[in-house]
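**Student:**
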Amino acid sequence: MPFSSGLRACGGFFDPDGKRPRLERLEARVADPRFWDDQEQAQKALRERRRLSDAIELAAFYDRELADLEVLLEFAAADAASLAELEQRLSALRAKAEADEVQMLLSGPNDANNAIVRVQAGAGGTDAQDWAEMLLRMYLRWCERRGFKASVLDLQPGKEAGIASAEFTVEGDYAYGLLSCESGVHRLVRISPFSSAGTRETSFASIFVTPEIEDDIAIEINEKDLRVDTYRSSGAGGQHVNVTDSAIRITHLPTGIIVSCQNQRSQHQNREVAMKVLKSRLYEMELERRRAESAKLEASKRDISFGSQIRNYVLHPYRLVKDARTKLERSDVENVLDGELDDFIQAYLVAKSRQPDGVTAGDDA
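The numbering of the sequence shown is numbering that gives the first Met the number 0, which starts it at 0 and goes up by one.
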């Protein structure tokens with residue numbers, strides 16, 4: 000198969016013919032004199048235009064490179080200089096393809112969206128709540144490394160240390176597609192800093208990730224189905240959340256979903272953000288209903304305890320982070336906990352693309 004034909008077979012991120020009509024419609028919107036009347040929608044349209052344009056340009060780049068390589072391949076059979084140039088160009092192209100591989104694999108309907116992430120302490124008492132706070136920091140650091148904007152919406156402190164739960168948004172290209180790879184239970188094994196006996200403890204915390212839903216997606220919320228409570232923030236303040244007098248808690252009565260926000264300056268702003276989170280939760284609930292038979296969904300519904308983890312972080316008696324789905328291991332635990340997660344995310348995306356039924360969680364340490 001010619002190189003260029005192989006490229007066209009990639010689909011997903013490399014789909015210039017499928018993306019051009021949408022890009023043309025966006026260009027027409029941008030040219031409309033009323034385009035900037037709605038600043039938020041205008042910014043979303045510009046971000047989508049940039050993503051589509053980048054994808055089309057990337058496909059054109061690979062088309063040009065592969066066409067050149069096909070010509071070099073013909074000369075390389077009889078010319079040593081052409082062979083050397085071919086090997087050099089192939090090496091450079093392979094390195095670039097590996098860097099672009101993650102985006103090539105993010106072709107789901109919501110992968111390009113912003114993400115809403117919830118951290119929840121599980122089995123393990125105070126150690127689990129401390130572990131949940133460590134995970135929160137890990138993902139906030141990951142966002143910093145990638146240049147994503149993370150905003151903590153709600154934080155419930157633990158009774159003695161750490162946090163019981165936290166929820167935050169992540170703004171950036173393909174934030175949901177990347178972070179959805181982290182959904183599941185995370186297990187920590189270490190000498191407990193809260194035990195006077197210095198015993199080794201196992202703690203669990205979970206990560207739930209949903210896409211931030213754009214306003215043009217039809218998720219109907221009836222006001223009579225909502226109970227809205229206002230309260231004074233009980234958060235710890237400091238680096239995670241600002242204490243305000245206008246925190247909002249919204250209960251969606253038909254489903255029992257509860258969302259809250261306390262980091263905005265006004266009650267109106269807190270309500271607006273909380274409604275966006277509720278909309279995302281309801282959308283994800285509908286998606287889960289439709290794919291209830293899938294193994295991936297069943298794994299995500301497991302208890303936050305033994306046997307359900309997607310990744311193990313061992314600090315004692317040895318130091319190792321091991322993904323139970325892909326078997327990828329790293330011994331530099333400190334770097335991983337400081338947000339170096341890209342290799343785990345890429346390994347999961349590659350494994351998922353090779354298994355149509357999805358990769359599932361394992362339970363080996």
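Built from N, CA and C at the ideal position, the CB exists for glycine as well.
1) Quick check: the Cα distance between residue 225 and residue 249, rounded to an integer number of angstroms?
2) Is residue 20 helix, strand or coil by DSSP?
3) Could you round the C-beta distance between residue 22 and residue 48 to whole angstroms and report it? I think they count as a contact, below 8 Å.
4) Check whether the region 315-330 and the region 149-156 are in contact - that is, three or more C-beta pairs closer than 8 Å.
5) CB-CB under 6 Å to residue 238, same chain, minus the five flanking residues each way: which ones, in chain order?
6) Which whole-angstrom value describes the C-beta separation of residue 116 and residue 208, a residue pair presumed to lie in contact below a C-beta threshold of 8 Å?
7) Over what stretch of residues does the alpha helix (DSSP H) that includes residue 125 continue unbroken?
8) Determine whether the beta carbon atoms of residue 183 and residue 206 lie at a separation below 8 Å.
9) Just curious, the beta strand (DSSP E) that residue 438 is in, first and last residue?
10) Check each candidate in 276, 167, 195 and 189 and name the one with the smallest Cα separation from residue 218.
11) At a cut of 8 Å, does the region 81-95 reach the region 106-126 through at least three beta carbon pairs?
12) Mark residue 261 as exposed unless 16 or more other C-beta atoms lie within 10 angstroms of its C-beta, in which case mark it buried.
13) Closer than 6 Å by C-beta to residue 19: which residues in its own chain qualify, once you throw out the five before and the five after it? Chain order, please.
14) Look at the alpha carbon of residue 101 and the alpha carbon of residue 111, and state the distance between them as a whole number of angstroms.
15) First and last residue of the alpha helix (DSSP H) that includes residue 345?
16) For a test of the three-state rule: what should DSSP assign to residue 296, helix, strand or coil?
17) Which class does residue 170 belong to by DSSP, given the choice of helix, strand or coil?
18) Who are residue 76's beta bridge partners in DSSP?
19) Helix, strand or coil for residue 328? Go by DSSP, reduced to three states.
20) Alpha carbon to alpha carbon, how far is residue 187 from residue 198?
21) For residue 130, count the other beta carbons within 10 Å of its own beta carbon; 16 or more makes it buried, fewer makes it exposed. Which is it?
22) Would you call residue 195 buried or exposed, if buried means 16 or more other Cβ atoms sit within 10 Å of its Cβ?
23) Could you give the distance in angstroms between the alpha-carbon of residue 139 and the alpha-carbon of residue 149?
24) When the Cα of residue 201 is compared with those of 44, 189 and 325, which residue comes out closest?
25) Between the beta-carbon of residue 127 and the beta-carbon of residue 193, is there less than 8 Å?
26) Cα separation between residue 137 and residue 144?
**Tutor:** So, from the listed chains and residues:
1) Here residue 225 is taken as the residue at index 226 of the sequence shown, counted from 1. Here residue 249 is taken as the residue at index 250 of the sequence shown, counted from 1. If I take the Cα positions, the gap works out to 7 Å.
2) Against the sequence shown, residue 20 aligns to sequence position 21. Looking at residue 20 - three-state DSSP - the assignment turns out to be helix.
3) Start at 1 with the first residue of the sequence shown, and residue 22 comes out as number 23. Start at 1 with the first residue of the sequence shown, and residue 48 comes out as number 49. Rounded, the Cβ-Cβ distance is 6 Å, consistent with contact.
4) no
5) Taking the first residue of the sequence shown as 1, we reach residue 238 at position 239. Any reading at residue 238 must be qualified, since the residue scores a pLDDT of 47, below 50, and its modelled position is unreliable; the value itself is stated next. Answer for residue 238: no residue qualifies.
6) As a first step, residue 116 is located in the sequence shown; it is residue number 117 there, counting from the start. As a first step, residue 208 is located in the sequence shown; it is residue number 209 there, counting from the start. Yes, residue 116 and residue 208 are in contact; Cβ-Cβ is about 5 Å, under 8 Å.
7) To locate residue 125, count along the sequence shown from 1; it is residue 126. Per DSSP, residue 125 belongs to the alpha helix (DSSP H) from 124-145.
8) Within the sequence shown, numbered from 1, the residue matching residue 183 stands at position 184. Within the sequence shown, numbered from 1, the residue matching residue 206 stands at position 207. Yes. Within cutoff.
9) For the chain, the structure presents residues 0 to 364; residue 438 sits outside this window and is missing.
10) Translated into positions along the sequence shown, residue 218 becomes position 219. The residue with the shortest Cα to Cα distance from residue 218 is 276.
11) no
12) On the sequence shown, residue 261 is found 262 positions in, with the first residue counted as 1. So residue 261 counts as buried.
13) Position 20 of the sequence shown holds residue 19. Hits under 6 Å: none found.
14) Start at 1 with the first residue of the sequence shown, and residue 101 comes out as number 102. Start at 1 with the first residue of the sequence shown, and residue 111 comes out as number 112. Each residue's alpha carbon lies about 12 Å from the other.
15) Locating residue 345 in the sequence shown gives position 346, counting from the first residue. 341-353 is the span of the alpha helix (DSSP H), which, as asked, contains residue 345.
16) For the purposes of this step, residue 296 is identified with residue 297 of the sequence shown, where counting begins at 1. With a pLDDT of 38 at residue 296, under the threshold of 50, the modelled position of this residue cannot be trusted; read the value that follows with caution. Here residue 296 sits in helix by DSSP.
17) Residue mapping note: residue 170 aligns to position 171 of the sequence shown, counting from 1. It is a strand residue.
18) On the sequence shown, position 77 is the one that residue 76 refers to. Beta-bridge annotation (DSSP): residue 76 is not paired with any residue.
19) For this step, residue 328 is matched to residue 329 along the sequence shown. Residue state, collapsed to three classes: strand.
20) The count along the sequence shown starts at 1 and reaches residue 187 at position 188. The count along the sequence shown starts at 1 and reaches residue 198 at position 199. When rounded, the distance between both Cα atoms is 14 Å.
21) Numbered from its first residue, the sequence shown carries residue 130 at position 131. Buried, by the Cβ-count rule.
22) On the sequence shown, position 196 is the one that residue 195 refers to. So residue 195 counts as exposed.
23) By 1-based counting over the sequence shown, the position of residue 139 is 140. By 1-based counting over the sequence shown, the position of residue 149 is 150. Taking the straight line from one Cα to the other gives about 7 Å.
24) Here residue 201 refers to the residue found at position 202 of the sequence shown. Of 44, 189 and 325, the residue nearest in Cα terms is 189.
25) Locating residue 127 in the sequence shown gives position 128, where the first residue counts as 1. Locating residue 193 in the sequence shown gives position 194, where the first residue counts as 1. Taking 8 Å as the Cβ cut-off, residue 127 and residue 193 do not qualify as a contacting pair.
26) As a first step, residue 137 must be located in the sequence shown, where it is residue number 138. As a first step, residue 144 must be located in the sequence shown, where it is residue number 145. Take the alpha-carbon of residue 137 and the one of residue 144: they are about 11 Å apart.
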